[in-house]
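Undergrad: So in the UniProt record's numbering, spot 232 of the sequence shown is number 232, and the numbers just go up one at a time. The structure that follows is given in the form of structure tokens.
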Amino acid sequence: MAIGKRRDQQAVHTEISASSEAMLETNVSRENKESRQVENTPLSFIPVPPKYSFNDVILPEKTLDSIRNALAIKEKGDLVFGDWGLSQTHKHASKIGINLYGPPGTGKTMVAHAIANHLNMPLMIINYADIESKYVGDTPKNLTKAFQTAEQTGSVLFFDEADAILSRRVTNMNNATDTSVNQTRSVMLTLLNDYKSIILFATNYISNFDPAFMRRILAHIEFELPDAEGRARLLQKLIPPQMPNDIRIEETARQFDGISGSDISNAVLMAAFKGAGTPELIVRHEHLFEALSSIKQSIQANNNVTIETRPVSEAYVKQQLGNHFIQGGQN
């Protein structure tokens with residue numbers, strides 16, 4: 001399998017458009033969720049054609065190797081499980097379960113599309129908001145429906161922001177909400193055990209995963225922030241040859257560590273508009289430097305945010321919430 005062997009053909013994700021699409025999908029998902037909660041109508045899940053291929057992805061070679069190894073189950077499964085007899089010793093390992101984890105903006109969702117494209121399969125994207133319901137017992141039913149639809153349509157099932165559904169189960173259950181959460185987790189475990197096709201997960205917070213889910217996913221592939229070489233490759237792909245500029249790519253790549261492909265994409269676009277607003281219509285090195293500096297500053301500010309917590313009494317909560325206080329999970 002020739003994934004990413006020709007770097008000159010690779011392109012990077014255009015995160016501005018991807019972010020816009022994600023916002024639109026989130027709004028649509030929220031509207032659909034609110035609508036069905038009013039009517040309590042059954043859900044429908046629709047697979048989509050993959051938007052990206054591995055030619056669109058810029059990743060370190062070790063990450064691409066990990067993806068190749070995970071996909072070998074699909075391509076070499078008959079040999080390993082059939083001819084070599086591992087179906088007798090590894091009865092539950094023939095399914096492809098891949099978890100893509102790492103910081104935001106590193107290409108996890110894009111790779112999910114690329115995997116589906118490589119396998120010539122549609123992609124069915126599930127966010128927790130798509131299946132969550134205020135009706136007791138409906139969330140597990142929606143989850144089951146998602147698995148059934150993926151199997152019936154021959155789709156790659158992809159759970160984005162998977163920590164929302166694969167997080168640790170509640171050990172000290174105090175109300176109906178805790179019980180419902182654990183019920184959903186238990187159903188998910190059963191579905192993972194029985195599912196025979198391809199399932200992908202993506203998360204920024206792998207530390208939140210329940211160990212039981214970790215054991216049931218065959219491959220956990222880390223996505224890291226790009227190094228100087230990766231940043232240079234990203235800049236080269238993101239700066240079109242027809243855009244007049246005097247940007248010093250190698251210098252810029254060395255200066256700005258700790259940023260993602262998404263950050264670089266956003267900075268290039270910001271610099272392009274800055275240059276388009278000048279009389280000479282040239283994107284200067286300073287324009288990109290300023291854009292990246294602004295992004296880096298915002299990242300550092302976000303990382304420095306601290307949240308102070310303190311224990312409060314039930315009486316305090318009642319006082320703050322007034323008549324909206326819910327006790328014991330009953331409303």
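We put the CB at the ideal spot given by N, CA and C, even for glycine.
#1: With DSSP as the reference, please indicate the residues paired to residue 200 in a beta bridge.
#2: Determine the extent of the alpha helix (DSSP H) in which residue 110 is found, giving its start and end residues.
#3: Since residue 150 and residue 143 should fall inside the 8 Å C-beta cutoff, what is the C-beta to C-beta distance between them, to a whole number of angstroms?
#4: Measure from the alpha carbon of residue 221 to the alpha carbon of each residue in 45, 52 and 107, then state which is nearest.
#5: One question on the structure: do residue 95 and residue 205 come within less than 9 Å of each other, judged by their Cβ atoms?
#6: Note down, in chain order, each residue of its chain lying with its Cβ closer than 8 Å to the Cβ of residue 45, except the 5 sequence neighbours on either side.
#7: What is the rounded straight-line gap between the Cα of residue 287 and the Cα of residue 223?
#8: Give the DSSP-derived three-state secondary structure of residue 292 in the structure shown.
#9: Evaluate residue 262 with the Cβ neighbour count: other Cβ atoms within 10 Å of its Cβ, from every protein chain shown; 16 or more gives buried, anything less gives exposed.
#10: Determine whether the beta carbon atoms of residue 216 and residue 192 lie at a separation below 9 Å.
#11: Leaving aside the five residues before and after residue 239 along the sequence, list all residues of the same chain whose C-beta is less than 7 Å from its C-beta, in chain order.
#12: Reducing DSSP to helix, strand and coil, say where residue 167 ends up.
#13: Out of 65, 88, 109 and 78, state which residue places its alpha-carbon closest to the alpha-carbon of residue 219.
#14: With DSSP as the reference, identify every bridge partner of residue 245, one or two as the case may be.
#15: Sorted by chain position, which residues of the same chain lie with C-beta nearer than 6 Å to residue 51's C-beta, five sequence neighbours on each side aside?
#16: Would residue 258 pass as a contact of residue 235 if the rule is Cβ separation under 9 Å?
#17: Specify the secondary structure class of residue 218 as computed by DSSP and reduced to three states.
#18: Under 9 Å between the Cβ atoms of residue 121 and residue 67?
#19: What are the residues that DSSP puts in a beta bridge with residue 126?
#20: Excluding the 5 residues flanking residue 278 on each side, which residues of the same chain have their C-beta closer than 6 Å to its C-beta?
#21: Could you tell me which of 55, 60, 100 and 154 sits nearest to residue 214, measuring between CA atoms?
#22: Please state if the CB of residue 251 and the CB of residue 274 are separated by a distance shorter than 9 Å.
#23: Return the chain-ordered list of same chain residues with a C-beta closer than 8 Å to the C-beta of residue 163, the five sequence neighbours on each side being excluded.
#24: Apart from the five residues just before and just after residue 53, which ones in its own chain have a Cβ nearer than 6 Å to its Cβ?
#25: Just how far apart, CA to CA, sit residue 119 and residue 154?
#26: Would residue 255 and residue 292 qualify as a contact pair, given that the criterion is a beta-carbon distance under 9 Å?
#27: Can you list, in chain order, the residues of its chain whose CB lies under 7 Å from that of residue 183, leaving out five sequence neighbours each side?
#28: Measuring CB to CB, does residue 271 end up less than 9 Å from residue 283?
#29: Distance check for residue 98 and residue 73, CA to CA, integer angstroms please.
#30: Compute the Euclidean distance between the alpha carbons of residue 87 and residue 69, then round it to the nearest angstrom.
#31: By the three-class DSSP mapping on this structure, what secondary structure does residue 147 have?
TA: A quick look at the data gives this:
#1: 98 and 158
#2: 108-118
#3: With 8 Å as the limit, residue 150 and residue 143 do not qualify as a contact, their Cβ atoms being about 11 Å apart.
#4: 107
#5: no
#6: If we look at residue 45 and ignore the five residues flanking it on each side, its Cβ neighbours are 124, 126, 130, 145, 146, 149 and 150.
#7: 29 Å
#8: Under the three-state reduction of DSSP, residue 292 is assigned to helix.
#9: buried
#10: Going by C-beta atoms, residue 216 is nearer than 9 Å to residue 192.
#11: 245, 247 and 268
#12: Reduced to three states, the DSSP call for residue 167 is strand.
#13: 65
#14: Per DSSP, 283.
#15: 113
#16: No. Outside cutoff.
#17: The answer is coil: DSSP assigns residue 218 none of H, G, I, E or B.
#18: no
#19: 159
#20: none
#21: Residue nearest to residue 214 within the set 55, 60, 100 and 154 is 100 (criterion: CA-CA distance).
#22: no
#23: 203, 204, 205, 206, 208 and 209
#24: 114 and 117
#25: 11 Å
#26: yes
#27: 140
#28: yes
#29: 11 Å
#30: 18 Å
#31: helix
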